[in-house]
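Scroll down for the structure; my scribbles are underneath it.
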Amino acid sequence: MNDWVASLRQLTKFFIALGILLMCLYSAKLMVLWWQIPLPSPLVAMLILLLLLASKIMQPSWLEPACTPILKYMALFFIPAGVGIVQYTSLLALYWPVLLCTVILVPVVGLTLVGFAAKKGLKND
Amino acid sequence: MTSSALIVILICALFYLFRRIYRSYPVSLLNPLLLCIVSISTALLALDVQYQVFFLAAQPIHFFLEVAVVALAYPLYTQFHDIKRYFVHILLCSFIGVSSATVIAWLLCKLFLVDEQLSASLAALSVTTPITIIVSQSLGGMSAIAAIMVILVGVFGGIFGLSLLEKLNIKHPKAQGIALGVSCHAIGTASALEHHPIAGAYASAAMTISAITTAIWVPPFYTWLTTL
C-alpha cells in the first residue's frame with residue numbers, strides 16, 4: 028500500500044515538473060510569434076526557465092523529477108527526425124564524399140582548436 | 026491512432042534493447058541512437074513505407090525533442106556554481122568550436138560544389154541535435170541530413186576524440202571535457218564522463234553553452250559566410 032502511494036506521489040511530481048516545462052515551452056512559442064524573436068522557441072523557453080531558476084521563483088527540486096529522465100533518454104527523441112534520412116538516399120549516394128569529409132574534419136579540427144584554447148585558459152590552474 | 030501507439034511502443038522497445046546492448050558492449054559504433062536510425066530506416070526502405078506515414082505515427086516522440094531542450098536549463102543551473110569561475114572561458118571556447126565547425130562545413134561545401142540546401146544542413150554540426158535541427162531548418166536546410174550528420178560527428182568524436190586529445194598533449198580533464206562538449210555534444214560528453222567525472226561535468230556545461238551560442242551565433246554567421 029505504501030509503495031503504491033509512493034509511486035503515485037512520484038508520478039504526480041513528474042507531471043508537475045513536465046507541466047512547468049510545457050508551460051515555459053508554450054509561453055516561449057507565443058512570445059516568439061508575437062514579438063517575432065529570431066530565435067528557436069525551445070531555446071527561448073530554456074532561457075525563461077533559467078531566469079525563473081536564477082531568480083529563485085522556481086526551485087530546482089520541482090523540475091528534477093521530469094528533467095532527469097527526459098535528459099537521460101534524450102537520444103530517443105532524435106529517432107523520428109533521424110529516420111528522415113530515408114527521404115534523401117539519392118542525395119547520400121551523390122554527395123557521400125563531402126559528407127564523409129565533414130564527419131571527419133568537423134570533430135578533428137574542433138577538438139584540436141578547442142582543446143588548445145581550453146588548455147591555455149586553464150594554465151594557471 | 027492505434028498504429029501510432031504501436032509505432033511509439035516499438036521505437037521505445039527498440040531503443041531500450043539497443044541501450045542494453047550498448048551497456049554490455051560500450052563501443053561507440055554501437056551507439057543506440059545510430060543503431061535505431063539505421064535499423065528503422067532499413068525497415069522503412071525494405072517495406073516500402075512512406076516516411077511521412079512513419080513520422081506522423083512517431084510524432085509523440087518527436088514532440089519531446091523540444092521539451093528536452095527546455096529541460097537543459099536544469100543541469101545548467103545546478104552546475105552553474107561549479108563552472109562559474111570558467112564561464113567566460115567556456116563561452117570563448119564554444120565560440121571557437123562552433124565557428125570552426127561552421128567554417129569547415131562551409132569550406133567543404135564550396136570545395137565540393139554542393140548545392141545551397143545541403144550546405145545549410147551542415148552549418149551547425151557540433152552541437153546537440155535539437156539545436157542543429159532548428160538552426161538548419163531556419164537556414165533552409167534539410168533537418169534529417171543535419172540530424173544524421175550531427176550524430177555521426179558525435180560518434181566519430183566519441184571514438185577518436187580522447188586519444189586525439191592525448192596525442193596533442195591536452196591531458197587536463199577540464200580541457201578535455203570542454204573540447205569534447207563543444208565539438209561532439211552529447212555523445213562526446215558521454216565519452217568524457219566515462220573517462221573522468223570532472224571532464225564529464227565540464228563537457229555537459231560546455232555542450233549546453235555551445236547549444237545557446239550556436240542558436241544565436243550560427244544563423245547570422247552562416248548567412249554572412251554565404252555572402253562572401
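As you go down the protein sequences, you meet chains A and B in turn.
Okay, so the first sequence: first residue is 28 according to our numbering, each after it adds one.
Okay, so the second sequence: first residue is 26 according to our numbering, each after it adds one.
Cβ atoms here follow ideal geometry from the backbone N, Cα and C, with glycine treated the same way.
Model, not experiment: these values are computed from the prediction.
Secondary structure at Q75 (chain B): coil, using DSSP grouped into helix, strand and coil. DSSP places N29 (chain A) in the uninterrupted alpha helix (DSSP H) bounded by 29-62. Within chain B, the residues placing a beta-carbon under 7 Å from that of M73 (chain A) are V94, V95, L97, A98, ordered along the chain. Those residues of the stretch 56-72 of chain B placed with their C-beta closer than 7 Å to a C-beta in chain A are P57, L58, C61, I62, I65, S66, L69, L70, ordered along the chain.
When the alpha-carbon of G183 (chain B) is set against those of B:Q201, B:A171, B:V113, B:S161, the nearest one is in B:Q201.
No Cβ-Cβ contact shorter than 8 Å links L48 (chain A) with A236 (chain B). In its chain, beyond the 5 residues on either side, L55 have a beta carbon closer than 7 Å to the beta carbon of I46 (chain B).
For V59 (chain A), there are no C-beta contacts with chain B under 7 Å, since the nearest C-beta of that chain is about 11 Å from it. Three or more pairs of CB atoms, one per stretch, sit closer than 8 Å, so the stretch 221-238 of chain B contacts the stretch 139-156 of chain B. Around the beta carbon of L187 (chain B), 16 or more other beta carbons sit within 10 angstroms, so the residue counts as buried.
In terms of CA proximity to V110 (chain A), B:L58 leads the group B:F88, B:V92, B:L58. In the structure shown, T95 (chain A) adopts helical secondary structure according to DSSP, grouped into three states.
The closest CA to that of R110 (chain B), considering only A:V141, A:L118, A:V59, A:G148, is found on A:G148. The beta carbon of K199 (chain B) falls within 8 Å of a beta carbon belonging to chain A, placing the residue at that interface. The way I'd put it, the stretch 129-143 of chain A doesn't touch the stretch 86-103 of chain B; fewer than three beta-carbon pairs between them come closer than 8 Å. In this chain, the alpha helix (DSSP H) harbouring Y102 (chain B) covers 98-108. With fewer than 16 other Cβ atoms inside 10 Å of its own Cβ, K99 (chain A) counts as exposed. Each residue's CA atom was taken as its position, placing I34 (chain B) and Y53 (chain A) some 26 Å apart. Scanning chain B for C-beta atoms nearer than 7 Å to the C-beta of L90 (chain A) yields Y99, reported in chain order. Using a 10 angstroms sphere on the CB of I64 (chain A), the tally of other CB atoms stays under 16, which defines it as exposed.
Per DSSP, G206 (chain B) is one residue of the alpha helix (DSSP H) stretching across 198-220.
Per DSSP, the unbroken alpha helix (DSSP H) holding Q162 (chain B) starts and ends at 154-163. P245 (chain B) is classed as exposed because its beta carbon has fewer than 16 other beta carbons within 10 Å across all chains shown. Here the C-alpha atom of V152 (chain B) lies approximately 9 Å from the C-alpha atom of V178 (chain B). At least one CB atom of chain B sits nearer than 8 Å to the CB of G111 (chain A). Following the DSSP letters along the chain, one finds I184 (chain B) inside the alpha helix (DSSP H) bounded by residues 168-192. By the Cβ neighbour-count rule, I36 (chain B) is buried, with 16 or more other Cβ atoms within 10 Å of its own.
At a cut-off of 8 Å between beta carbons, G122 (chain B) contacts chain A.
Less than 8 Å separates the beta-carbon of A230 (chain B) from that of Q104 (chain B). Any Cβ of chain B closer than 8 Å to the Cβ of V32 (chain A) would place that residue at the interface, and such an atom is absent.
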